[in-house]
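Asker:
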Amino acid sequence: MEQTNLLEIKDLDVSYGAVSALRNIDIVINKGEIVTLIGANGAGKSALLKAILGLTLIKKGLITYKGEDITNQKTENIVASGICLVPEGRGILPLMTVLENLQLGAYQFHGKIEERLEQVYQLFPILKKRAKQFSGTLSGGEQQMLSIGRGLMSKPVLIMLDEPSLGLAPVAIKELFKVFPKLIELGHTILLSEQNVNMALNIADRGYVFETGELVAAGTSEELKTNKRILQSYLGNVI
Amino acid sequence: MEIFIAQFINSFSMGSIYALLVIGFNLLVLVTGIFPYAYAHVVVFSMYMCWIGLDISNNNIIVGITFAIVSAVALSLLTEPLFRPLSRRGAQLGSFIVSMAIGSIISEILSRNLNKGMGINFPTELKGEGSIIRFGVSAISIGQIATVVGSIIAGGLFFYILFRTKQGRAFRAIGQSSFNARLLGLPIMRIGLLVFVIAGILGGISAIFLSMSLGTASASLADNLAIKIMAVALFSGIGNIGGGIIAALILGLAENMALAYLPGTYSQAIAFAMIMLVVMVKPQGLFGTKA
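Protein chains in written order, with the numbering used here: chain A, 678 to 916; chain B, 141 to 431.
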């Protein structure tokens, strides 16, 4: 049987000290999918992405990637094995140039950097134009593209994005979301954490709904779009 | 006038040594976040090792240089595990205390166990005083020229690494945001170790130039240097490598001018005056801090 299960999270609990951020989380992500996590601020979506990347200590639960247990592994090893996180707020290094930021993204990549650069420039031509500029001088939308481009430099299998639409103008958000299907075509898998529920459900195959650290709903985008609870809480009961 | 020129070149010589020392110091601050007060002590210890190397090899310079650099790197790596947990927690003040403790241990060893506690003197051939270029009343030694040229080369190499290599980019990235650096999969701990090694190498090179320039070393030299390095680093903005170099040259100049025209050894007072001035007027340092 072909292994389509790329990432699997079982019964995960995450706490920040005494504060519980996630409880009993079960998630599956298959190869080639766009899966979205939706929920309000503080619902635990970021906590999950950070836990996957090994940035927080996990005391209960199991995370397997490509069949291997990566719970509590070192971040550098997790990144090297093909998972990247495009963090909330972009996480770019403002005092370094666009090119330098991209080069840093390839730290764990052992192939030809020029090929990765070419591909990133193809997806985001503006980055080529601004290659020698300090990344702090880029607009919000451009910084977001840089952050994604940087993540792509290591040729990741799974790309995780934490609130990429945050702080972006609607036009920039639309441009950004057009890139996601292209990434799937290139062979990546996407895990997207978003507060913009509309856009998220329009682009994703499946979704998980978070509320104060717990999963309250899961299903395909179509199912979630017609889910009464979600309609009330996030989509403003328009229908 | 000639005195002025001679002192100017002399200042450059000492200034370039201070610059190398501050580069090593600021590198440690930038990447690991610790305050390496005892960096000067490692350097002076390395001077003693250089002296031992020369002693047992009948003044073979290559042996002296090797002893200096190897001992500096070794001592540096020995202290790294002590700083690792502090670095991870971002405990800069705590690291300062730990570093002062390490410094006093090294000073103790220097003033008791090495050369029976007496200061050391380097052979005059090393100072290059035999070959002196004279102009008018004043003179500069080959040793001083070698120091300036050597420092420029070492400094230049360092900047090449910092701005044109993958590791250098990693250093700067961690300096700007260790969280985002970690996110990118940078192996923070391994890079921290590398930084201690590079600081050790720079320290060893500085020790060689100091041996050439000063010709002597003692336990008190370590504390003296430590305060000067601190002054330069705080004056220019701690962690700011480029600013540190400029400040180092300023200190070298100020010190030597003071020596030439004021009575007594005002050098330490000058260093303190620099710190005081900056802390009162612009606490982030003249060129801004990066850590």
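Using N, Cα and C, we set each Cβ at its ideal position, and we do this for glycine too.
(1) For M773 of chain A, go through chain B and note every residue whose CB falls closer than 8 angstroms to its CB, in chain order.
(2) Output, in sequence order along the chain, the residues in the stretch 776-793 of chain A whose CB is closer than 8 angstroms to any CB in chain B.
(3) Please go through the stretch 734-778 of chain A and give each complete beta strand (DSSP E) segment of 3 or more residues, from N-terminal end onward.
(4) Mind pulling the alpha helix (DSSP H) runs of 4 or more residues that sit fully within the stretch 151-210 of chain B?
(5) To the nearest angstrom, report how far apart F144 of chain B and A208 of chain B are at their CA atoms.
(6) Rounded to the nearest angstrom, what separates S360 of chain B and F303 of chain B at their Cα positions?
(7) So, helix, strand or coil for V792 of chain A, using DSSP?
(8) Where V915 of chain A and V705 of chain A are concerned, what is the direct C-alpha to C-alpha distance, given to the nearest angstrom?
(9) Using a Cβ-Cβ cutoff of 8 angstroms, what residues of the stretch 822-845 of chain A are near chain B? List them in chain order.
(10) Quick check: is the beta carbon of G325 of chain B nearer than 8 angstroms to any beta carbon in chain A?
(11) Going along the chain, which residues of its own chain have a beta-carbon closer than 7 angstroms to the beta-carbon of T897 of chain A, five neighbours each way excluded?
(12) I'd like to confirm something about I729 of chain A: is its beta-carbon nearer than 7 angstroms to some heavy atom of the ligand FMN, or not?
(13) Per DSSP, R304 of chain B is paired with what?
(14) Does DSSP put G694 of chain A in a helix, in a strand, or in coil?
(15) Is it right to say E679 of chain A is buried, meaning 16 or more other beta carbons lie within 10 angstroms of its own, or is it exposed?
(16) Compute the Euclidean distance between the alpha carbons of T305 of chain B and T903 of chain A, then round it to the nearest angstrom.
(17) M837 of chain A lies in the alpha helix (DSSP H); which residues open and close that run?
(18) By the three-class DSSP mapping on this structure, what secondary structure does V364 of chain B have?
(19) Three-state secondary structure (DSSP) at Y401 of chain B?
(20) Give the DSSP-derived three-state secondary structure of L417 of chain B in the structure shown.
(21) Quick check: the stretch 311-331 of chain B against the stretch 167-180 of chain B, are there 3 or more CB pairs under 8 angstroms?
(22) What does R228 of chain B reach in chain A if we use C-beta pairs closer than 7 angstroms?
(23) Using 10 angstroms around the beta-carbon of D688 of chain A, count the other beta-carbons present and answer buried if the total reaches 16, otherwise exposed.
(24) Three-state secondary structure (DSSP) at E710 of chain A?
(25) Consult DSSP for F811 of chain A and reduce its assignment to one of helix, strand or coil.
(26) For the stretch 741-774 of chain A, list every residue whose C-beta sits within 7 angstroms of some C-beta in chain B, in sequence order.
(27) Given G813 of chain A, which residues of its chain have a CB within under 6 angstroms of its CB, disregarding the five upstream and five downstream residues?
(28) Using a cut-off of 8 angstroms between C-beta atoms, extract the partners of N320 of chain B located in chain A.
(29) Using the Cβ count rule (16 or more neighbours within 10 Å means buried), how would you classify V696 of chain A?
(30) To the nearest angstrom, report how far apart V848 of chain A and N875 of chain A are at their CA atoms.
(31) Are there three or more Cβ pairs, one per stretch, closer than 8 angstroms when the stretch 390-399 of chain B is compared with the stretch 327-347 of chain B?
(32) Is there contact here, the stretch 780-789 of chain A with the stretch 722-735 of chain A, by at least three beta-carbon pairs under 8 angstroms?
(33) For V834 of chain A, which residues of its own chain have a beta-carbon under 6 angstroms away from its beta-carbon, when the five flanking residues on both sides are left out?
(34) Would you list, in chain order, the members of the stretch 291-307 of chain B that have their beta-carbon closer than 8 angstroms to a beta-carbon of chain A?
(35) Report yes or no: do three or more beta-carbon pairs, one from the stretch 370-389 of chain B and one from the stretch 187-204 of chain B, lie closer than 8 angstroms?
Answerer: Reading off the structure:
(1) Against the first sequence, residue 773 of chain A aligns to sequence position 96. For a Cβ distance threshold of 8 angstroms, residue set R309, R312, A313, Q316 of chain B lies close to M773 of chain A, ordered along the chain.
(2) The stretch 776-793 of chain A vs chain B, Cβ under 8 angstroms: E777, Q780, L781, G782, Y784, Q785.
(3) Counting whole runs of 3 or more residues, the stretch 734-778 of chain A contains the beta strand (DSSP E) stretches 737-742, 760-763.
(4) Listed in chain order, they are 179-196.
(5) Here residue 144 of chain B refers to the residue found at position 4 when the second sequence is read from its first residue. Here residue 208 of chain B refers to the residue found at position 68 when the second sequence is read from its first residue. Roughly 33 angstroms between the two C-alpha positions.
(6) Along the second sequence, one-based indexing puts residue 360 of chain B at 220. Along the second sequence, one-based indexing puts residue 303 of chain B at 163. Between S360 of chain B and F303 of chain B, the C-alpha separation is close to 36 angstroms.
(7) By one-based count along the first sequence, residue 792 of chain A stands at place 115. The identity of residue 792 of chain A in the sequence shown is Glu, whereas the question assumes Val. In this structure, E792 of chain A counts as helix in the three-state DSSP scheme.
(8) Position 238 of the first sequence, counting from 1, holds the residue named residue 915 of chain A. Position 28 of the first sequence, counting from 1, holds the residue named residue 705 of chain A. Unreliable positioning characterises V915 of chain A in this predicted model, as indicated by a pLDDT of 48, which lies under 50. A coordinate reading is not provided.
(9) Listed in chain order, the positions of the stretch 822-845 of chain A with a beta carbon within less than 8 angstroms of a beta carbon of chain B are R827, S831.
(10) Residue numbering aside, residue 325 of chain B sits at position 185 when the second sequence is read from its first letter. Yes, G325 of chain B counts as interfacial toward chain A.
(11) For the purposes of this step, residue 897 of chain A is identified with residue 220 of the first sequence, where counting begins at 1. For T897 of chain A, where only same-chain residues beyond five positions count, the Cβ hits under 7 angstroms are D882, R883.
(12) This structure lacks the ligand FMN; in fact it carries no ligand of any kind.
(13) For the purposes of this step, residue 304 of chain B is identified with residue 164 of the second sequence, where counting begins at 1. None, per the DSSP bridge assignment.
(14) Translated into the one-based positions of the first sequence, residue 694 of chain A becomes position 17. G694 of chain A falls in the coil class under three-state DSSP.
(15) On the first sequence, position 2 is the one that residue 679 of chain A refers to. Since pLDDT at E679 of chain A reaches only 49, below the 50 mark, its modelled position is unreliable, and no value is offered.
(16) Within the second sequence, numbered from 1, the residue matching residue 305 of chain B stands at position 165. Within the first sequence, numbered from 1, the residue matching residue 903 of chain A stands at position 226. Answer to the nearest angstrom: the Cα atoms are 53 angstroms apart.
(17) Locating residue 837 of chain A in the first sequence gives position 160, where the first residue counts as 1. Careful: M837 of chain A lies outside any alpha helix (DSSP H), inside the beta strand (DSSP E) at 835-839.
(18) As a working note, residue 364 of chain B is residue 224 in the second sequence. The sequence as given places Asn at residue 364 of chain B; Val does not occur at that position. Note: N364 of chain B maps to helix in three-state DSSP.
(19) The residue labelled residue 401 of chain B in the question sits at position 261 within the second sequence. The answer is helix: DSSP assigns Y401 of chain B an H, G or I state.
(20) Here residue 417 of chain B refers to the residue found at position 277 when the second sequence is read from its first residue. Collapsing the DSSP output to three states places L417 of chain B in a helix.
(21) Counting Cβ pairs under 8 angstroms, three or more are found: they touch.
(22) Stepping through the second sequence from its first residue, residue 228 of chain B is reached at position 88. Residues of chain A with a Cβ closer than 7 angstroms to the Cβ of R228 of chain B do not exist; the shortest Cβ-Cβ separation is about 13 angstroms.
(23) Numbered from its first residue, the first sequence carries residue 688 of chain A at position 11. Its Cβ having fewer than 16 others within 10 Å, D688 of chain A is exposed.
(24) As a first step, residue 710 of chain A is located in the first sequence; it is residue number 33 there, counting from the start. Here E710 of chain A sits in coil by DSSP.
(25) Within the first sequence, numbered from 1, the residue matching residue 811 of chain A stands at position 134. When secondary structure is reduced to three states using DSSP, F811 of chain A falls in the strand class.
(26) Result list: T752, E753, V756, A757, L762, P764, G768, L770, L772, M773.
(27) The residue you call residue 813 of chain A lines up with position 136 of the first sequence. Only P771 meet the Cβ criterion.
(28) If you number the second sequence from 1, residue 320 of chain B lands on position 180. Near N320 of chain B (Cβ distances below 8 angstroms), the residues of chain A are P764, G768, I769, L770.
(29) Here the question's residue 696 of chain A lines up with position 19 in the first sequence. V696 of chain A should be labelled exposed.
(30) Reading the first sequence from its first residue, position 171 is the one you call residue 848 of chain A. Reading the first sequence from its first residue, position 198 is the one you call residue 875 of chain A. In this model, V848 of chain A and N875 of chain A are separated by some 15 angstroms (Cα to Cα).
(31) As far as the Cβ criterion goes, the stretch 390-399 of chain B does not touch the stretch 327-347 of chain B, which means the pair count is below three.
(32) No: fewer than three Cβ pairs fall under 8 angstroms.
(33) Counting from one through the first sequence, the residue named residue 834 of chain A turns up at place 157. Here the set comprises G759.
(34) Flagged, chain order: K306.
(35) At 8 angstroms Cβ cutoff, the stretches do not touch.
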